[in-house]
Structure formats: C-alpha cells, structure tokens
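K.L.:
Protein chains in written order, with my numbering: chain G, 71 to 257; chain Z, 71 to 257.
From the three backbone atoms N, C-alpha and C, an ideal C-beta is built for every residue, glycine too.
2 protein chains.
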Amino acid sequence: MDRRQRKTRKAIFSAFTQLLARKNYNEITVQDIVERADIGRTTFYSHFETKEFLLRDLCGELFGHIIETAMGLPKAHYHYVACEPTDSVFLHLVRHLQENDRSILELLASPNDQIFLGYFKDGLVKMITSQYAAEGRLGKGGLPEGFLVNHMAASFVETIAWWLSRGMPESAEVITGYFLATVEPLL
Amino acid sequence: MDRRQRKTRKAIFSAFTQLLARKNYNEITVQDIVERADIGRTTFYSHFETKEFLLRDLCGELFGHIIETAMGLPKAHYHYVACEPTDSVFLHLVRHLQENDRSILELLASPNDQIFLGYFKDGLVKMITSQYAAEGRLGKGGLPEGFLVNHMAASFVETIAWWLSRGMPESAEVITGYFLATVEPLL
DNA sequence: TCGCTAACGAACAAAACGTCCGATTTGTAC
DNA sequence: GTACAAATCGGACGTTTTGTTCGTTAGCGA
Chain G
71 MDRRQRKTRK AIFSAFTQLL ARKNYNEITV QDIVERADIG RTTFYSHFET KEFLLRDLCG
131 ELFGHIIETA MGLPKAHYHY VACEPTDSVF LHLVRHLQEN DRSILELLAS PNDQIFLGYF
191 KDGLVKMITS QYAAEGRLGK GGLPEGFLVN HMAASFVETI AWWLSRGMPE SAEVITGYFL
251 ATVEPLL
Chain Z
71 MDRRQRKTRK AIFSAFTQLL ARKNYNEITV QDIVERADIG RTTFYSHFET KEFLLRDLCG
131 ELFGHIIETA MGLPKAHYHY VACEPTDSVF LHLVRHLQEN DRSILELLAS PNDQIFLGYF
191 KDGLVKMITS QYAAEGRLGK GGLPEGFLVN HMAASFVETI AWWLSRGMPE SAEVITGYFL
251 ATVEPLL
C-alpha cells in the first residue's frame, strides 16, 4: 500500500476515533471526519464507500488485532479457566486493553459503547469457539454448547462494560475473577 | 389527549415500528415515517422533536409496560429464582413476550436489536434492583451487588437474544431454565 | 352551535450526501 | 534523477433530508 494511502487511512481512523469517543455515531458526519482529518472530501470517498464501511474496517482492525493476539497465546492459558485468574486468557485480554489499547477502552466507554461491545463480543465468540469448544470443555452443565459460548462472550463483555462504567476501580485480576466466577459453575 | 393526537401518535408509532423491523435505524428518515404513517411533515414535528425522541418514547411505552407488569406480579413469583422455572418472574416475562408483545419480539430480532436489547436490559436492571436487591438476596457468591444485578439483567437479555436469533425453537420453560442455570449458582 | 387547536401542505434555507473533473502533488520503479 | 502512475486536492454539481414558517382546512369537545 502506498505511503500516501497509509497516511490518509491513518488520519481518517484517528479523526473518526476521536469523534466516536465523544459524539454519537449517528451525529458524526463525513464532513466532520474530513475536516478533522484534514483531507479532501473526494479522498475520503476513494477510501471508504460510506461511513458504515469505515466503522466496519476500524472495528476489524481494532478487535481483529486484540483477538488474534489472544488466540496466539500458548494453549496453557486456556486450560484452567476457573479458580485462579492467573494466566487465564481473559486476564491477558484485560491487561492488553489496559496497557496497549487505551483507544479501545475509550471507545468501549464512549456514547457508542454498544457498537463496540458488539464487535468485541463477536470476536470473543470466535475465540471461545475455536479454543474451548474444540476441546470439548463446554456443556458440562446440561446447557447447549452454542448457548454457553454466547453466554461466556456476553458475560465477559458485560463485565468489562460494568467495570469501565464506574471508572475501573478494580484491578485487572479482581475484575477477571468476577467474570470467571460467573462462568466457572457452568463448565 | 385529543382523539386526533392519539390517532396521529399511534400512526407514527406503527409506521416507525414497521420500519424498524426491517431497516437500520440510521437509514430510516423522517420522510419515510411520515409517508408510511400518511401524515403531514409538520404534524410529525409537532409530536416529536427529533427521530431520537420518537425512539425514546416508543421504547418507554413498550418496555415500561412489560416491566411494570412484571413488577406488579405477586411477590411469590420472585422468591425461588432457581431450580424450577415454574412461577419465576422471568418465565412470566418470556410468556408475556411470546403471547402479548409480538411487536417487541420483532424489534428484538430486527437489525436494530442492539437498541432494544439495551432498553430491555435497563428496564430489567430497575426491576431486579427493586425486587431482589431490596430483599438482600444477592451477593452470596462474594460478588458485589451492582455487579450481580447487571449480570442478571444482561444474562437474561442475552438469553432472549440467543433464543430469537435461532427462531425460538425451545419452549418458554426450557429457555427460562437455561437462563436460571446461569444465575442460580451466584445467588 | 361555537371556539379551540390539531393537521395539512406548500415553500423555505441550511446542511449533508455522493459524484464529477481538471489540476497538482507525491510515491515508486526504472 | 527522471518519468510514469496514482493519490490528493478543491471546487462545483444536483439531490435528499432536515427543521421551520404560515395560512388554510377540518375535527374535537364543551
């Protein structure tokens, strides 16, 4: 990809992220984006068909990265889900958010949190399906596997959202412990 | 309220609901609404300041009704959350959705499901807070009360969403049982 | 019946959309 | 370094939506 394209794309993502952090998605116009990104209107449309495509691509990059990182962890981190949060892949995810991806945290706590929590959950469903379900570790409680996978992903996302909504007073270990406490009895 | 006002308001809600059932909220214009409702453009704006206010009012009526019905149930239905779904207030909610509020189900399974699931969850948080937390029944698992309330509401909403997404193959009793299984160990 | 007011519809300016094109700048390959 | 390719720019465009104004018509309720 051309350096000019990379630069423009980055400027658009940056501007869009800044706007999303404090304004409703619906109220953000292409005008706002190109002004803040300081690019020509035509240029925007040569990169993204619509605002929706921009959102899709942005989320793909943000969550694609974090989920792939998690899925690339050694298998050991996936084994003992429960009891001690230490080394759980979910603790890694929380730490990753806290340390590396502050922009994701901003978005997950923004007026547009629903959108991003949804994307986050979708990524988690993929991760959980491939890492847990494949090992046959689910379904011990008489609940269907699909239900459990969905429940785990949703519960993690909700835990993060609850944590963020109050300003993250708990440590990563504690909040991971809360989450694990909700799913451990089901596995 | 004037009969004319009631009629107009009803027509707007009806048109909006129909549109929401098959089109993204963002893509629905005031133009679409007034055309389908067959009312004058001016009339719409005399009833609702913006599309957002219309959404707020609609959700208030839909979920206000269902939540208030649930909160008006005899206290007995709130006591034994777990084990047998029979007579649980959550089973009542599921049945209510299934039998009386098909339009809510349509919206909860529409392209705009996130919006309505969010409103639904907010209502549930209120209900759970007033009915359970007041009795001091929460927090047995060492988890904070606020966390548990949020988790219960979110888990119920996610269960309903999962159920709807596959066409509601399970009975109301079974799906309520799934939900109760996720929260029972925490109480 | 009569007064009040909701609904109508035409028209309006302002803003955003998405697209065109010609000119200019900037990467990249040679 | 040069030359070609392509990305960006910026102005302009027709269209659509928005939210408002105003005079008229129609219907409700006392």
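(1) On the criterion of 16 or more Cβ atoms from any shown chain inside 10 Å, does Met71/G qualify as buried, or is it exposed?
(2) Taking DSSP as the reference, what is the three-state secondary structure of Ala152/Z?
(3) Given a threshold of 16 other Cβ atoms within 10 Å of its Cβ, counted over all protein chains shown, does Thr252/G qualify as buried or as exposed?
(4) So, for Ile273/Z: in the same chain, excluding its five sequence neighbours on each side, which residues have a beta-carbon less than 6 Å away from its beta-carbon?
(5) Comparing the C-beta of Glu243/G with each C-beta of chain Z, is any distance below 9 Å?
(6) Once DSSP output is grouped into helix, strand and coil, what is the label at Arg207/G?
(7) Who are the Cβ neighbours of Arg236/Z in its own chain at under 8 Å, not counting the five residues just before and after it?
(8) Taking only heavy atoms of the ligand GDP into account, decide whether any of them is closer than 8 Å to the Cβ of Val159/Z.
(9) Rounded to the nearest angstrom, how far is the Cβ of Val195/Z from that of Ala223/Z, given a contact under 8 Å?
(10) Could you tell me whether the Cβ atoms of Arg79/Z and His135/Z are closer together than 9 Å?
(11) Arg92/Z to Ala179/Z, Cα distance in whole Å?
(12) Taking beta-carbon pairs under 7 Å, can you tell me which members of the region 203-219 of chain G lie near chain Z?
(13) Would you mind giving the Cβ-Cβ distance between Asp108/G and Ala81/G, rounded to the nearest angstrom? I have them listed as a contact below 8 Å.
(14) Looking at C-alpha atoms only, which residue of Glu131/Z, Phe226/Z, Ile198/Z and Arg111/Z is the closest neighbour of Thr87/Z?
(15) In the DSSP assignment, the alpha helix (DSSP H) including Met141/Z goes from what residue to what residue?
(16) Against chain Z, with Cβ distances strictly below 9 Å, would Cys153/G count as a contact?
(17) Could you spell out the range, first to last residue, of the alpha helix (DSSP H) harbouring Glu215/Z?
(18) At a CB-CB cut-off below 8 Å, which residues of chain Z make contact with Pro255/G?
(19) Please state whether DSSP places Lys196/Z in a helix, a strand or coil.
(20) For Asp102/Z, report the span of its alpha helix (DSSP H) as first-last.
(21) Using a C-beta cutoff of 9 Å, does Ser158/G count as contacting chain Z?
(22) Alpha carbon to alpha carbon, what distance is there between Asp183/Z and Asn182/G?
(23) Please classify Gly206/G as buried or exposed, where buried requires at least 16 other C-beta atoms within 10 Å of its C-beta.
(24) Identify which residue in Ile185/Z, Lys121/Z and Gly212/Z has its Cα closest to the Cα of Phe249/G.
(25) Taking only beta-carbon positions, decide if Tyr150/Z is within less than 9 Å of chain G.
(26) Please classify Ser158/G as buried or exposed, where buried requires at least 16 other C-beta atoms within 10 Å of its C-beta.
(27) Distance, Cα to Cα, Ala152/G vs Glu254/G?
(28) Along chain Z, which residues have their Cβ under 7 Å away from the Cβ of Gln184/G?
(29) Measuring CA to CA, which of Glu243/Z, Ser200/Z, Asp192/Z and Gly247/Z is closest to Leu143/Z?
(30) Asp127/Z to Ile137/Z, Cα distance in whole Å?
(31) How would you list, in chain order, the residues of chain Z whose beta-carbon sits under 7 Å from the beta-carbon of Glu228/G?
(32) If you measure beta-carbon to beta-carbon, which residues of the region 88-118 of chain G are closer than 7 Å to chain Z?
(33) Would you kindly report the start and end of the unbroken alpha helix (DSSP H) that includes Ala251/G?
P.N.:
Taking the structure as given:
(1) exposed
(2) Confidence is the limiting factor: at Ala152/Z the pLDDT is only 46, short of 50, which leaves the residue's position unreliable, though a coordinate-based value still follows. Of the three classes helix, strand and coil, the one that applies to Ala152/Z here is coil, per DSSP.
(3) Thr252/G comes out buried.
(4) Outside the shown range of chain Z, which is 71 to 257, sits residue 273/Z, and nothing can be said about it.
(5) no
(6) In this structure, Arg207/G counts as coil in the three-state DSSP scheme.
(7) Contacts found: none.
(8) Although the ligand GDP was asked about, the structure shown includes no ligands whatsoever.
(9) 5 Å
(10) Their beta carbons are not under 9 Å apart, which means Arg79/Z does not touch His135/Z by this criterion.
(11) 10 Å
(12) Gly211, Leu213 and Phe217
(13) The pair is a contact, with the Cβ atoms about 7 Å apart (cut-off 8 Å).
(14) If we check each option's Cα against that of Thr87/Z, Glu131/Z comes out closest.
(15) Lys121 to Met141
(16) Caution applies to Cys153/G, whose pLDDT of 47 falls short of 50 and renders its modelled position unreliable; the value that the coordinates give is listed next. It does not; no Cβ of chain Z falls within 9 Å.
(17) Glu215 to Ser235
(18) Pro255 and Leu256
(19) helix
(20) Taken as a continuous stretch (DSSP letters only), the alpha helix (DSSP H) holding Asp102/Z covers Val100 to Ala107.
(21) no
(22) 15 Å
(23) exposed
(24) Gly212/Z
(25) Confidence at Tyr150/Z is low in this model, with a pLDDT of 48, below 50, so its placement is unreliable and no value can be given for it.
(26) The residue is buried, with at least 16 neighbouring Cβ atoms inside 10 Å.
(27) Since pLDDT at Ala152/G reaches only 46, below the 50 mark, its modelled position is unreliable, and the value read off the structure follows with that caveat. Using only the alpha carbons, I get a separation of about 5 Å.
(28) For a Cβ distance threshold of 7 Å, residue set Gln184 and Gly188 of chain Z lies close to Gln184/G, ordered along the chain.
(29) Ser200/Z
(30) 15 Å
(31) Asn220, His221 and Ala224
(32) Asn96
(33) Ala242 to Val253
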